[in-house]
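Line by line, the protein sequences are chains A and B.
For the first sequence, position 4 (counting from the first letter as 1) is numbered 4 according to the working numbering, and the numbering increases by one without interruption.
Take any residue in the second sequence, count from 1 to its spot, add 1000: that is its number in the working numbering.
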Amino acid sequence: GQNIDQPTEMTATEGAIVQINCTYQTSGFNGLFWYQQHAGEAPTFLSYNVLDGLEEKGRFSSFLSRSKGYSYLLLKELQMKDSASYLCAVRGNQGGKLIFGQGTELSVKP
Amino acid sequence: DTEVTQTPKHLVMGMTNKKSLKCEQHMGHRAMYWYKQKAKKPPELMFVYSYEKLSINESVPSRFSPECPNSSLLNLHLHALQPEDSALYLCASNQGGNQPQHFGDGTRLSIL
């Protein structure tokens, strides 16, 4: 079967660093995506990993280990506006289909 | 604002009505997608169009009928929906392959 796991909720403090983990078991692997979704809004693309290692984009970084079926999204210098749902999604073998995890609801507190 | 435009933003309809959701993108993307999203849940894929042809149908009930009139437009025709079909309907597009999907703001649909 296909399964993507990520924590349901996380809380962090403004200015801090938070790591959101994602583990996956899918039929085939053709890349892992992270999306951010604020309540009532569209998901917006944050990062993409297809090879092992770290991809850095400003305050956000994403890491992938294909052998472990594991990824994380690292958010630095947290801001209140980072409070949102973070979705991990894997592209398997079925065309353009993305398999989404349940999302991690991140709350950033002052 | 996103580069994928969906109309209407909100739609309330009865179970016997027929309505259509529209999606438009002018980024030259060759793949377009319909998703359904319930509150506090991830998007669920419904349909994928690649080069204007339906390539994936995730066993969606026939009361949902997609249409891709051209490479920039994607419609979702609705007929005889059920209250459980109330959700946010998201359209997305990409160049295909491993390119990220770009999402529209969605249509929030309520079935009375």
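Think of the CB as a built atom: it goes at the ideal place given N, C-alpha and C, for glycine as much as any other residue.
This one's a predicted model, so the numbers in the text were calculated from it and none came from an experiment.
Residue state for P1083(B) is assigned as helix, using DSSP reduced to three classes. Contact check for L51(A) and S61(A): beta-carbon distance about 15 Å, past the 8 Å limit, so the pair fails to qualify. Closest in alpha carbon position to Q2(A), among V18(A), F29(A), Q36(A) and M80(A), is F29(A). If the five residues before and after Y1049(B) are omitted, its C-beta is found closer than 6 Å to the C-beta atoms of M1032 and C1068, all from its own chain and listed in chain order. Every beta strand (DSSP E) of 3 residues or more that sits fully in the region 1017-1097 of chain B is shown, in chain order, as 1018-1025, 1031-1037, 1044-1050, 1053-1057, 1064-1070, 1073-1079 and 1087-1094. DSSP, read as helix, strand or coil, puts M10(A) in strand.
A straight line joining the alpha-carbon of P43(A) with that of R66(A) spans about 24 Å. Counting every other CB atom within 10 Å of its CB across the protein chains shown gives V108(A) a total of 16 or more, marking it as buried. For K1019(B) against L1011(B), the beta-carbon gap comes to about 6 Å, under 8 Å, which counts as contact. An exposed status is given to Q1082(B), since fewer than 16 other beta-carbon atoms sit within 10 Å of its beta-carbon. The C-beta separation of S71(A) from C22(A) comes to about 5 Å, placing the pair in contact by the 8 Å criterion.
The beta-carbon of S1055(B) is placed less than 9 Å from the nearest beta-carbon of chain A. In the three-state scheme derived from DSSP, where H, G and I count as helix and E and B as strand, M1013(B) is classed as strand.
Not a single C-beta of chain B is nearer than 9 Å to the C-beta of L51(A).
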